[in-house]
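Taking it in order: structure first as C-alpha cells, then the write-up.
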Amino acid sequence: MPTFFLDDREVAFKEGQTILQAAMSGGHYIPHLCWRPELDPHSSCRLCTVIINGRPFSSCTQPALKGQRVECDTEALVAMRRAVTQMLFIEGNHHCPACEKSGRCKLQATAYLLGMQNSHFSHQFPVRTRDLSHPTVSLDRDRCIRCEICVRASRTLDGKDVFAIDGRGIGSGLAVNSPSGLLKDSEIAPEDAAVRLCPTGALMAKDQGFEVPIGDRLYDREPLSVVELREYKARKALHG
Amino acid sequence: MIQLERPSVPESVERILDRHGNRPQAVLQALIDVQHAWHHVPGAVVLALAERLGVPAVRLRGLIGFYSFLSADFQGDFVVHLSDNITDQMAGSRELSARLCGRLGVALGKTRADGRVSVNRTSCTGMSDQGPSALINYRPVPRLDAKRVDLITDLINARTPLDEWPSDFFVVESRIRRSDVIFRNALDSGAGLRASLDRGGKNLEAWEEDLAPTDARKHQLDRGGAETLKEIYRSELRGRGGAGFKAGIKWQTVREAAKGDRFVICNADEGEPGTFKDRILLTEHADMVFEGMTICGHVVGARHGIMYVRQEYFYLRDHLQSVLRRRREQGLLGCNILGSPLDFDIELHFGAGAYICGMETAMIKSIEGRRGIPRRRWPLPVHHGYLKSPTVVNNVETFACAAAISARGGAWFAGLGTPQSTGTKLFCLSGDCERPGLYEYPMGVSVREVLRDSGALDAMAIQVGGPSGILIGEGDFNRTLCFEDLAGVGTLMVFGKHRDLFDVITNFALFFQHESCGLCTPCRVGTTLLANYVKKFERGCGSPVDVEEVKNICTLMKNMSHCGLGQTAGNPFTDSLLKFPAIWAQRMKTAEFVPAFDLDWALEEARSLTGRDDARAHFPPVEA
Numbered sequence: 129m130p131t132f133f134l135d136d137r138e139v140a141f142k143e144g145q146t147i148l149q150a151a152m153s154g155g156h157y158i159p160h161l162c163w164r165p166e167l168d169p170h171s172s173c174r175l176c177t178v179i180i181n182g183r184p185f186s187s188c189t190q191p192a193l194k195g196q197r198v199e200c201d202t203e204a205l206v207a208m209r210r211a212v213t214q215m216l217f218i219e220g221n222h223h224c225p226a227c228e229k230s231g232r233c234k235l236q237a238t239a240y241l242l243g244m245q246n247s248h249f250s251h252q253f254p255v256r257t258r259d260l261s262h263p264t265v266s267l268d269r270d271r272c273i274r275c276e277i278c279v280r281a282s283r284t285l286d287g288k289d290v291f292a293i294d295g296r297g298i299g300s301g302l303a304v305n306s307p308s309g310l311l312k313d314s315e316i317a318p319e320d321a322a323v324r325l326c327p328t329g330a331l332m333a334k335d336q337g338f339e340v341p342i343g344d345r346l347y348d349r350e351p352l353s354v355v356e357l358r359e360y361k362a363r364k365a366l367h368g
Numbered sequence: 067m068i069q070l071e072r073p074s075v076p077e078s079v080e081r082i083l084d085r086h087g088n089r090p091q092a093v094l095q096a097l098i099d100v101q102h103a104w105h106h107v108p109g110a111v112v113l114a115l116a117e118r119l120g121v122p123a124v125r126l127r128g129l130i131g132f133y134s135f136l137s138a139d140f141q142g143d144f145v146v147h148l149s150d151n152i153t154d155q156m157a158g159s160r161e162l163s164a165r166l167c168g169r170l171g172v173a174l175g176k177t178r179a180d181g182r183v184s185v186n187r188t189s190c191t192g193m194s195d196q197g198p199s200a201l202i203n204y205r206p207v208p209r210l211d212a213k214r215v216d217l218i219t220d221l222i223n224a225r226t227p228l229d230e231w232p233s234d235f236f237v238v239e240s241r242i243r244r245s246d247v248i249f250r251n252a253l254d255s256g257a258g259l260r261a262s263l264d265r266g267g268k269n270l271e272a273w274e275e276d277l278a279p280t281d282a283r284k285h286q287l288d289r290g291g292a293e294t295l296k297e298i299y300r301s302e303l304r305g306r307g308g309a310g311f312k313a314g315i316k317w318q319t320v321r322e323a324a325k326g327d328r329f330v331i332c333n334a335d336e337g338e339p340g341t342f343k344d345r346i347l348l349t350e351h352a353d354m355v356f357e358g359m360t361i362c363g364h365v366v367g368a369r370h371g372i373m374y375v376r377q378e379y380f381y382l383r384d385h386l387q388s389v390l391r392r393r394r395e396q397g398l399l400g401c402n403i404l405g406s407p408l409d410f411d412i413e414l415h416f417g418a419g420a421y422i423c424g425m426e427t428a429m430i431k432s433i434e435g436r437r438g439i440p441r442r443r444w445p446l447p448v449h450h451g452y453l454k455s456p457t458v459v460n461n462v463e464t465f466a467c468a469a470a471i472s473a474r475g476g477a478w479f480a481g482l483g484t485p486q487s488t489g490t491k492l493f494c495l496s497g498d499c500e501r502p503g504l505y506e507y508p509m510g511v512s513v514r515e516v517l518r519d520s521g522a523l524d525a526m527a528i529q530v531g532g533p534s535g536i537l538i539g540e541g542d543f544n545r546t547l548c549f550e551d552l553a554g555v556g557t558l559m560v561f562g563k564h565r566d567l568f569d570v571i572t573n574f575a576l577f578f579q580h581e582s583c584g585l586c587t588p589c590r591v592g593t594t595l596l597a598n599y600v601k602k603f604e605r606g607c608g609s610p611v612d613v614e615e616v617k618n619i620c621t622l623m624k625n626m627s628h629c630g631l632g633q634t635a636g637n638p639f640t641d642s643l644l645k646f647p648a649i650w651a652q653r654m655k656t657a658e659f660v661p662a663f664d665l666d667w668a669l670e671e672a673r674s675l676t677g678r679d680d681a682r683a684h685f686p687p688v689e690a
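Protein sequence lines, in the order shown, are assigned to chains X and L.
Note that the numbering used here has the first sequence beginning at 129, numbered continuously upward.
Note that the numbering used here has the second sequence beginning at 67, numbered continuously upward.
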C-alpha cells in the first residue's frame, strides 16, 4: 500500500482516499466537525486544515498522495484550529452547563481536545429563533454551527430533505423544508440520521434529558479523538 | 419596462417558466423575473414555482435569502439601490442617500408605508467611472448629484413610470480614455472565427480525400481547433479575471476530456468594486467577446456557451440578445457556423447580487440555479464543471483577447507586453483622478504612467485589483502592472492626499462582511470580527492589542478559509497596517492595553468586609 507522512508518522492509504480518511483508518485523529464518514465531505468547518508544501488544504477533501508530507499537529495549526473553534462558540449562543448535549457534544469535546480555555473573541450574541413546534424533535438554532450534517444526512441517509441553509454570511442559518417553515409540518422524526448525527445540541430528540450522570457521559471518560477513532474502526469493520 | 400593475400570480409563473425552459436550473432566472415584475418574490409565487419545478420551497427561500437583489418582502413601486463603493462615497453618495431618504420620507433599507419606494445600499454597481450611481427598478442611473436626486424624488412622489423619466438619466457612458492595439479598432465580426475554421484547411478536397465527406469535414474542423489552440498557446494568453491562469492549458484540458457534453462559460460577473471594464466591453465589443467564446467552443468541442452577467448589468440584456440574434443571422452562431460542421450557441444567465459568484465554482452553482457557494477545489471545473461536465470558465476580456489572437495570430499577441504577461490589459481608473474611465496599455505599464495619463496628480495611495487586491503608497508607484509584479483584474482606485484611508478600510471591511457566503467558519466569523474592530477604531477606541488581534484574524482567514474571498478579505487590513499605520494609531485611545476591569480594586470590598490587608489579599500579592 502506498504511504504518506502525517507529521512524522507514516500512514498507509488506499487509492482515492482523502488525507482525513487515511489518517482515521490508520488511527490518527484530525479534528473535524462537519465531516462524517457516511456523508460527502463539506469542507466548511475548516478544522481539519493541514499544510502541504506550504499551502493549506482541508484534509477531508484533499486526496492522499504517495510520499506526500502533510503537516498536521504543528503548534501553529493547533492554535488556528483552536481559534476557529472559539469562533464557532462566539458566533452562536452556547450555554454548555445548561445544555442537555453537554458531555456528548462534539463542539464542546473539540474545545477540550484543542485546549481551549476561553472564548477569546467577543461574543456576538445573535438573536436566533428556536423551533419547538414538533412533538418529539427540537431545533435550537443558537447551538447550530452550520456544519450542514443534518442537511446532507436528511437528503442522503433519511431520504427526506428536511433542511436547507437560508440567508448569507454571518446571518445564514438552518431552514426547515415545510410549508410553514416549522418542524411540526416537516417529515422529521427523532430517529432520523439528521437528528442523531447533529454534533451539537441544535437538533435533539425531546423527552430524554440528562439521563447520564456527569462523569459517565460519552466524552467524560475518554477524549473525543479516542471515541471517534473507535467508532470509525467499528464502522469500517461493519461496512468495509 | 417594469409594470406597476402586478399580474395575477399563477398565470405569470407559467409564462416566466416557459421563457426559461421549465427546468430546475431555471429557478434563479425565474426568480429574477418575478422580482423585477413584483419587486419581491411573494410567498404564493415561491410555492407555485416549487410545485412546477419539483424543487422544495425551502431551497427557493434559500435562494431569496442568498442573493441580494431578491427579497421576500415588497420593496415598493420604486426600488432604489444606491451603489456604496468607496469611490461613490468619495463622490458624495452618503450625503445624497441621506438627501434622498429625507426628501422621500423613508428610512434606509425600509419600504415606505404607502408602498411607494424603498432606498437601499448595494455593493459597487460597476459605474465607478461615473458615480455616485444607483439602480432604480434594476436600471442604472449614474452621475447622481443633488439636482438629479431632487428630480428623482419628485418623479417618485408623482408616481411617474420610469419610461417617462428624462432619458438621459439612464445613459451609461463608455468612458474609454486610452485604446491600444487590441481594442482601438473593433475586429470585423467573424474575422477571428473564420481564421479559426480556416486553420483546418480552406479547401476540403485538397486533403483527406479518402475520408467520407462528413468525416473529412469533421476532421478538418478538429484540425482547425487544434491549430487555433496552438495559437492560443503561442500567445501566452493568461486569464484577465485576476488569477492569470494560462488559457491554453485550460482549453486543452477540456478539449482532451472524455467524450460527452462540455461547456464554455464567460464570467461577466464583474463584482470586484471599482471594476467596470466588462461593462464597457459588453457595450462596445460584445461581438468580440461572443466570438472568443465561439472560438473556444471550436477548440474544446463544446456546443453550449453561457454568459453569466451580473445583475447590475441586467440593462444590457436587450443589447446582448440583439447582438446574439444578429450573429445567428450572420451564421456566426447556431448550427453549421459559416457552413462548417461547427455547432455552437450562447445563452445569457443573470446573477442576482452576490460577489462570491465571480468565483468560478460558485458561478457554476448559480448557473445551475443554486446558492452560489464555492465548491471544494478538486476536481477542477475543467474536469467537472457545469452539470458535472468539463467546462472552460474565462473572463470577458480573456475571450475578447482570444478572438483577436485567432484573427491576428499568437505571435503578434506574444510580442506585446512583457515576457510573462503578454498582450495589452484594460485598466479601470476611478477615485481621485481627473479622467476616470477605461485605459488600455500593454502589460507592464508603470502605475506612475497610468496615474499621469488619468490626471491623478495628488495620489496618496492606490487600491490595485479591488478590495481583495493590494493597497500601495507612493513608494510603489514605479511598480508595474503585470503578472510579474502587481497582478489583478485591472482596477485602480485612486485616493488623494486629502483622503482618510481609514474610510477606505471601513468600506472594504463592510463589503467583505456583506459578501461572505457563510459556508466556512473563518470567513463567516472573521469578516464580522474584522468589521467590528473597524467600528471600534472608528469610534477612537482602538488599542495595540486590537491591532494584534486584527493581524491574527487576518492570518487565520488567509490560512484556513475555504476560498479566495476569505483568503484575501484581510488584505486591506494587513496592507494598511504595514504601509499606513498612522490611520490606525490615531484611532487608539491608549498606547497600550488598559482593561476596564481592575482585579485588585475589585477585591477592595472583600478586604474591607474581612478586615484583611495582608499580601495574599491583594492581586497580584504585595510583598510584605
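Glycine is no exception: its CB is placed at the ideal position from the N, C-alpha and C atoms.
Computed from a predicted structure; not experimentally measured.
Can you look up residue i in the DSSP assignment and give me helix, strand or coil?
| i | result |
| --- | --- |
| E271(L) | Any answer about E271(L) is weak, because its pLDDT of 48 lies below 50 and its placement is not dependable; what the coordinates show is given next. Looking at E271(L) - three-state DSSP - the assignment turns out to be helix. |
| L263(L) | helix |
| H695(L) | Absent from the structure is residue 695(L), since the part of chain L shown begins at 67 and ends at 690. |
| T226(L) | coil |
| S240(L) | coil |
| P638(L) | helix |
| T257(X) | coil |
| S194(L) | helix |
Let me see if you follow: with CB-CB separation under 8 angstroms, is residue i close to chain X or not?
| i | result |
| --- | --- |
| M425(L) | no |
| F132(L) | yes |
| V375(L) | no |
| V124(L) | yes |
| G476(L) | no |
| T634(L) | no |
| T572(L) | no |
Determine, for residue i, whether the minimum Cβ-Cβ distance to residues of chain L falls below 8 angstroms.
| i | result |
| --- | --- |
| Q336(X) | no |
| A235(X) | Correcting the residue identity first, residue 235(X) is Leu in this sequence and not Ala. No - not a single Cβ of chain L is within 8 angstroms of the one on L235(X). |
| L346(X) | no |
| Q196(X) | no |
| V279(X) | no |
| T177(X) | yes |
By alpha-carbon positions, which one of the options ends up nearest to residue i?
| i | options | result |
| --- | --- | --- |
| E293(L) | R265(L), W317(L), V560(L) and N625(L) | R265(L) |
| A473(L) | H370(L), G171(L) and L253(L) | L253(L) |
| I298(X) | F133(X), S247(X) and M215(X) | M215(X) |
| G503(L) | N88(L), E395(L), D344(L) and W104(L) | D344(L) |
| A212(L) | P198(L), K617(L) and D84(L) | P198(L) |
| V555(L) | N618(L), E463(L), D569(L) and H564(L) | E463(L) |
| V330(L) | A428(L), V365(L), H351(L) and Y299(L) | V365(L) |
Check whether the Cβ atoms of residue i and residue j sit closer than 8 angstroms, and answer yes or no.
| i | j | result |
| --- | --- | --- |
| K431(L) | G438(L) | yes |
| N461(L) | G358(L) | no |
| A418(L) | I82(L) | no |
| P122(L) | A116(L) | yes |
| C362(L) | A468(L) | yes |
| C548(L) | G483(L) | yes |
| L552(L) | P638(L) | no |
| L287(L) | S406(L) | yes |
At a CB distance below 8 angstroms, what residues from the region 578-591 of chain L approach chain X? Give them in sequence order. Q579, H580, E581, S582, C583, G584, L585, C586, T587, P588, R590 and V591
Contact residues within the region 429-446 of chain L, judged by C-beta distance below 8 angstroms to chain X: R437, R442, R443 and W444
Worksheet item: If you measure beta-carbon to beta-carbon, which residues of the region 239-250 of chain X are closer than 8 angstroms to chain L?
Response: F249 and S250
Report task. May I ask you to list, following chain order, the residues of the region 600-626 of chain L that have a beta carbon less than 7 angstroms from some beta carbon of chain X? Result -> Answer in chain order: L622, N625 and M626.
Original post:
Just by C-beta distance, which residues in the region 261-273 of chain X are closer than 9 angstroms to chain L?
Top reply: I273
Please name the residues in the region 294-310 of chain X whose beta-carbon is closer than 8 angstroms to at least one beta-carbon of chain L, in chain order.
D294, G295, R296, G297, I298, G299, S300, A303, V304, N305, S306, P307 and G309
Members of the region 142-154 of chain X near chain L, C-beta cut-off 9 angstroms | none
Of all the residues that make up the region 306-324 of chain L, which are near chain X by a beta-carbon distance shorter than 7 angstroms?
-> Per Cβ criterion, the list is empty.
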